[in-house]
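All residue numbers for the sequence shown refer to this note's numbering, where the first residue is 267 and numbers rise by one.
Backbone N, C-alpha and C fix where the C-beta goes; we use that ideal spot for every residue, glycine too.
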Amino acid sequence: MLCALLLAAYWGRRWVNHARYELTPLIVPPSAQTSALFRPSAADYVRRLVRDMRDAIAPSGRPRYAVLTFDDGPYAVTTPALLAELNRLRVPADFFFIGRNALEQPAIAARVAAAGMEIGNHTLSHPQMTTLGFAAQLEEVADGATTLRRITGHEIRLFRPPHGNYDAATVQATQAAGQTLVLWDIEPGDWRPVTPDFIVQHVLTHAKSPAVFLLHDGTESTIAALPRIVAAYRAAGYEFVTISDLMRRLSLDDINDPLTVRISP
Ligand SMILES: [Zn+2]
Numbered sequence: 267m268l269c270a271l272l273l274a275a276y277w278g279r280r281w282v283n284h285a286r287y288e289l290t291p292l293i294v295p296p297s298a299q300t301s302a303l304f305r306p307s308a309a310d311y312v313r314r315l316v317r318d319m320r321d322a323i324a325p326s327g328r329p330r331y332a333v334l335t336f337d338d339g340p341y342a343v344t345t346p347a348l349l350a351e352l353n354r355l356r357v358p359a360d361f362f363f364i365g366r367n368a369l370e371q372p373a374i375a376a377r378v379a380a381a382g383m384e385i386g387n388h389t390l391s392h393p394q395m396t397t398l399g400f401a402a403q404l405e406e407v408a409d410g411a412t413t414l415r416r417i418t419g420h421e422i423r424l425f426r427p428p429h430g431n432y433d434a435a436t437v438q439a440t441q442a443a444g445q446t447l448v449l450w451d452i453e454p455g456d457w458r459p460v461t462p463d464f465i466v467q468h469v470l471t472h473a474k475s476p477a478v479f480l481l482h483d484g485t486e487s488t489i490a491a492l493p494r495i496v497a498a499y500r501a502a503g504y505e506f507v508t509i510s511d512l513m514r515r516l517s518l519d520d521i522n523d524p525l526t527v528r529i530s531p
């Protein structure tokens, strides 16, 4: 009896930790309630528990979508190479451009947009957002979007904070600018000097559904890893889409509740 109670307590604790981590959403639209982001309520945990139980009893037949997102460009050499590889593989992607980089490479930024890729906003100057107050954060989000819209001619609705660091003011600023905060659920850490093999291995052993990859524009290893990533995910039944497509095809609850998937290399 005591044993069973201890085991239940142990699993309960593990589940709460897992839920706290999983309650961090992938996508926060302008209209979303954001209090749960920083302090999940008891009701959020209960909703989470119900969904986890349902997933365990009857695994969701949710269609599998993957989104490749590339932060930090555009760059003179690597962005055209990355674009050519994506075109060759026939996969769409999201490019979270830094406004200042786009001002330096406006023709490349426009070419990526004209090729049908989705353009997101990665601030004007790539600051550490959590060191700034609300007004300065809003300026970075709004000026980044305005700059990218002027250069690409596309409406910019998606925002990703530099280094993935954000606080309550970042979320408020993003929403005040009418933008959707976009995070990720798979991150091979390709901003470090890693090999293509390492990137492929990581994304195959950390598969989710939906799979939103955080990758970086400007990394040769990432471009070299793409063919194997795309082939393995397609073989596992994934369709590659953009963030906007994903939001049209899956409910926000499903997007923000990624399932763990096993993919064989
Ligand atoms: Zn960045």
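Classification of residue i by the beta-carbon crowding that lies within 10 angstroms, buried from 16 upward
| i | result |
| --- | --- |
| M395 | buried |
| D463 | exposed |
| P291 | buried |
| Y432 | buried |
| G339 | buried |
| T397 | exposed |
| D360 | buried |
| E370 | exposed |
| L268 | exposed |
| A551 | This structure does not reach residue 551, given that the chain is present from 267 up to 531, and the question cannot be answered. |
| A368 | buried |
7 Å Cβ shell around residue i - same chain, five flanking residues per side excluded
| i | result |
| --- | --- |
| F304 | A434 |
| S475 | R328, R330, P524, L525 and V527 |
| D321 | L525 |
| L355 | L492, P493 and V496 |
| R415 | E421 and I422 |
| A439 | F400, Q403, L404 and V407 |
| H429 | Q394 |
| V466 | A491, R494 and I495 |
Span separating the alpha-carbon of residue i from that of residue j
| i | j | result |
| --- | --- | --- |
| R377 | A342 | 12 Å |
| T549 | L449 | Only positions 267 to 531 of the chain appear in this structure, which leaves residue 549 out of reach. |
| M513 | N522 | 11 Å |
| L516 | S510 | 10 Å |
| A379 | H420 | 7 Å |
| A381 | A497 | 21 Å |
| P358 | L352 | 7 Å |
| G410 | T300 | 22 Å |
| E505 | A324 | 23 Å |
| L480 | L334 | 7 Å |
| A490 | R366 | 26 Å |
| H392 | I385 | 16 Å |
| Y311 | M319 | 12 Å |
| Y499 | S307 | 35 Å |
| E406 | L518 | 26 Å |
| D520 | Q403 | 29 Å |
| G503 | R313 | 28 Å |
| S530 | A309 | 37 Å |
| R317 | A270 | 24 Å |
| I293 | L272 | 36 Å |
| I364 | L349 | 17 Å |
| Q445 | A501 | 34 Å |
| Y276 | A298 | 33 Å |
Same chain, Cβ closer than 6 Å to residue i, five either side skipped, listed in chain order
| i | result |
| --- | --- |
| A408 | A443 |
| Q441 | P296 |
| P427 | M395 and T436 |
| T485 | D456 |
| H468 | P454 |
| M383 | A359 and F361 |
Beta-carbon separation (whole angstroms), residue i vs residue j, contact threshold 8 Å
| i | j | result |
| --- | --- | --- |
| N387 | F425 | 5 Å |
| N487 | V507 | Contrary to the premise, residue 487 reads as Ser rather than Asn in this sequence. In fact, because the Cβ distance is near 24 Å, the residues do not count as touching under 8 Å. |
| E413 | L390 | The question names Glu, but residue 413 in the sequence shown is Thr. Contact holds; Cβ gap of about 6 Å. |
| A216 | A332 | This structure does not reach residue 216, given that the chain is present from 267 up to 531, and the question cannot be answered. |
Own chain, CB closer than 8 Å to residue i, minus 5 neighbours either side, in chain order
| i | result |
| --- | --- |
| H482 | F336, D337, D338, D456, W457 and T488 |
Report yes or no: do three or more beta-carbon pairs, one from the segment 465 to 483 and one from the segment 445 to 454, lie closer than 8 Å?
-> yes
Do the segment 364 to 384 and the segment 342 to 352 meet, that is, are 3 or more Cβ pairs less than 8 Å apart?
-> Because the criterion of three Cβ pairs below 8 Å is met, the segment 364 to 384 and the segment 342 to 352 touch.
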